[in-house]
Amino acid sequence: MQADSTSRSGTGRPTDLIIFGGTGDLAMRMLFPSLYFLEADGYLADDARIIGAARGDLSRDAFLDEVHKRLKSHIPKKYYDADVWDRFAQKVDYKSVDATDGSGFEALAAALRIRDGSEAVFYFSTAPRFYGDLCAQLKAHDLAGPQSRVVLEKPIGHDLTSCRAVNDAVGAVFPESRIYRIDHYLGKETVQNLIALRFANSLLEPLWNANGIEQVQITVSETVGVEGRWSYYNDSGALRDMLQNHLLQLLCLVAMEPPTSLDADAVRDEKLKVLRSLRPISKQENALKTVCGQYTAGAVDGKAVPGYFEEGEGESTTETFISLRADIDNWRWRGVPFYLRTGKRLPYRYSEIFIQFKDVPHSIFPEESNLTLQSNKLIIRLQPEETIKLLMMNKVPGLGRDGMKLQEVSLDLSMSDEARSRRRRIAYERLLLDVLNANSTLFVRRDETEAAWKWVDQIAEGWRELGQKPKPYAAGSWGPSASVALTERYGHSWHD
Ligand code: NAD
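Using the working numbering, the letters of the sequence shown correspond one by one to residues 45 to 540.
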């Protein structure tokens, strides 16, 4: 199936995509399957080239065998097509490189078509400590000119200082306009749908502020533990691994002012204003407005699971759960709580934005109906399913002697039946296609990452100064009981 004409780069030139860390988990699980689907849908040009580059002396055939094997194990059987694979495989190559000593870069440079006027996209899917070395090697081999772009995986640092160091190292070689920082949540269909919902409809905007909205909740809940990545996770924790990037990006899209256009900087300017309007959580308020927790042994999905201690390498004060109340100090959002929550080993796996509108100012219904009278809610699910629902009140149909009875009904704003029956895209497909087309709207700008770290750092600093240790919660529960108390303190409750 041939799609549109976006199969070449933004300038219409052929593009080489080089994936550093091409043998890694992310590349095998997400990037190659996404590229395979772009090929299946006709988005990769006939002359597109994808080069896996990693430490490890592999032949092209051995690399292709691995990509093939992992692809088949990761994508549903019904979406595998041997003809598509054959076409795709012809575009894939492998080069062995080492970012630290520069070996292999000569051969990589010789394999690229950049000197013939093509473009190159360098995707850094390695540990961030190599980003500076990779940039230095690209520069040394004359690969960092105006025809190349660079994609950075998270995390960009673990605090503001280290984030600046990564940004400085990359920024010394590439201008900001050619740096694409990935937050894969922004590639999700419902996240882009949120932009459409807010800015392609006039209905919601008059209510989209402190007069119309009671509270906003953003939850990213995982059932898994640390899955063999204990030491990586133990250095970051829920605040840095999830909240600093994914949850704050979602908050920005809910809270930002209408941008003047969908141009990258127009959107990112508005997100930045939100991040800069986040009220710092003072030391005095830290215990009232934030809760951190760590899971102990329990049961998830009916199966006994060990605690964080037992899964790891000893005692740790790393939080596997965080919930907090954020406030945005601007005219639109004054007084509206944004509750954010994320954790591991919670009862269900889902990501959701929950927006509760204000109650009706006065009820005209009989007393019994008032019990069922609910405020309107907009529920945007990002995973496992991608849905948008608007909950409205409605009359219970039929006759009755006791006056009108009310019920909550759900309007499904998600997708047409036709769209629903289509394959759900991997978020990376959208982002890879955008970077091939030099469109950076859904990528995070340097000042955004730094503003987010600044806000997050003062929370971590508050915990440190107050000697706040994560509170235990049993695996399979919704975090420490203090998290329930957090919303109740302000007259709300979590939407579980
Ligand atoms: P991984 O450990 O599985 O793979 C690392 C890759 O880097 C391998 O291909 C390895 O050969 C290569 N590498 C290591 N040292 C190198 C060197 N000196 N020179 C060149 N290549 C070198 O890591 P991963 O899980 O695929 O993660 C990659 C990046 O993506 C990290 O920044 C990680 O934080 C980020 N990330 C991963 C996931 C995920 O689900 N795995 C999710 C989000 C972000």
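Glycine included, every Cβ here is placed at the ideal spot set by N, Cα and C.
For clarity, every value in this text was computed on a predicted model and none was experimentally measured.
- Less than 7 angstroms between the CB of residue 199 and some heavy atom of ligand 1, yes or no? Residue side-chain check: residue 199 places its Cβ nearer than 7 angstroms to a non-hydrogen atom of ligand 1.
- Query: If you compare alpha carbons, which of 196, 485, 466, 68 is closest to residue 100?
  - Reply: Nearest option by C-alpha distance: 68.
- Message: Just to confirm my understanding: we take residue 264, look at its own chain, exclude 5 residues before and 5 after, and list those with CB closer than 7 angstroms. What are they?
- Response: Close CB contacts of residue 264 within its chain, under the 7 angstroms cut and outside five residues either way in sequence, are with 286, 290, 291, 386, 395 (chain order).
- Which one of 199, 193, 98 has the shortest CA to CA distance from residue 280? Looking only at 199, 193, 98, the smallest Cα-Cα distance to residue 280 is reached by 199.
- Message: For a test of the three-state rule: what should DSSP assign to residue 488, helix, strand or coil?
- Response: DSSP places residue 488 in the strand class (E or B) of the three-state scheme.
- Rounded C-beta distance between residue 337 and residue 517? I'm assuming under 8 angstroms. 5 angstroms between Cβ atoms; contact.
- Query: Looking only at its own chain, which residues have a Cβ that is under 8 angstroms from the Cβ of residue 207, when we skip the five neighbours before and after it?
  - Reply: Excluding five sequence positions before and after residue 207, the CB atoms of its chain that fall closer than 8 angstroms to its own CB belong to 200, 201, 493, 494, 497, given in chain order.
- Between the C-alpha atoms of residue 222 and residue 255, what's the straight-line distance to the nearest angstrom? Going from the Cα of residue 222 to the Cα of residue 255 covers about 40 angstroms.
- Report the residue from 176, 433, 123, 272 whose alpha carbon sits nearest the alpha carbon of residue 466. Out of 176, 433, 123, 272, 123 has the C-alpha closest to the C-alpha of residue 466.
- Message: Quick test of your reading: residue 366 and residue 257, contact by CB under 8 angstroms. State the CB separation rounded to the nearest angstrom.
- Response: Separation of the CB atoms of residue 366 and residue 257 is rounded to 23 angstroms, and the pair is thereby denied contact status at 8 angstroms.
- Item | 8 angstroms CB neighbourhood of residue 438 in its chain, flanking five on each side removed | If we look at residue 438 and ignore the five residues flanking it on each side, its Cβ neighbours are 450, 451, 452, 453.
- Message: Along the chain, where does the beta strand (DSSP E) containing residue 328 start, and where does it finish?
- Response: Where residue 328 is concerned, there is no enclosing beta strand (DSSP E), although the alpha helix (DSSP H) around it starts and stops at 327-333.
- With a threshold of 7 angstroms, establish whether the CB of residue 172 neighbours any heavy atom of ligand 1. A heavy atom of ligand 1 is found nearer than 7 angstroms to the CB of residue 172.
- Message: Please tell me whether, using a cut-off of 7 angstroms, the distance from the CB of residue 169 to the nearest non-hydrogen atom of ligand 1 is below it.
- Response: Distances taken from the Cβ of residue 169 to the heavy atoms of ligand 1 include one shorter than 7 angstroms.
- Item | Complete alpha helix (DSSP H) runs within the segment 263-306 (minimum length 4 residues, chain order) | Whole alpha helix (DSSP H) segments, 4+ residues: 274-278, 292-299.
- Message: Would residue 238 and residue 424 be called neighbours here (beta carbons separated by less than 8 angstroms)?
- Response: Inclusion of residue 238 and residue 424 in the CB contact set at 8 angstroms is warranted, their separation being smaller than that value.
- Item | Cα-Cα separation between residue 147 and residue 159, rounded to whole angstroms | Cα to Cα, residue 147 sits roughly 20 angstroms from residue 159.
- Could you please give the first and the last residue of the uninterrupted alpha helix (DSSP H) stretch that includes residue 427? It is not in any alpha helix (DSSP H) - residue 427 instead sits in the beta strand (DSSP E) that spans 421-427.
- According to the neighbour-count rule (16 or more other Cβ atoms, all chains shown, within 10 Å of its Cβ), is residue 48 buried or exposed? With a pLDDT of 42 at residue 48, under the threshold of 50, the modelled position of that residue is not reliable, and the figure given next carries that caveat. Exposed.
- Item | Proximity test, residue 382 beta-carbon vs ligand 3 heavy atom, cut-off 7 angstroms | With respect to small molecules bound, the structure shown includes ligand 1 and not ligand 3.
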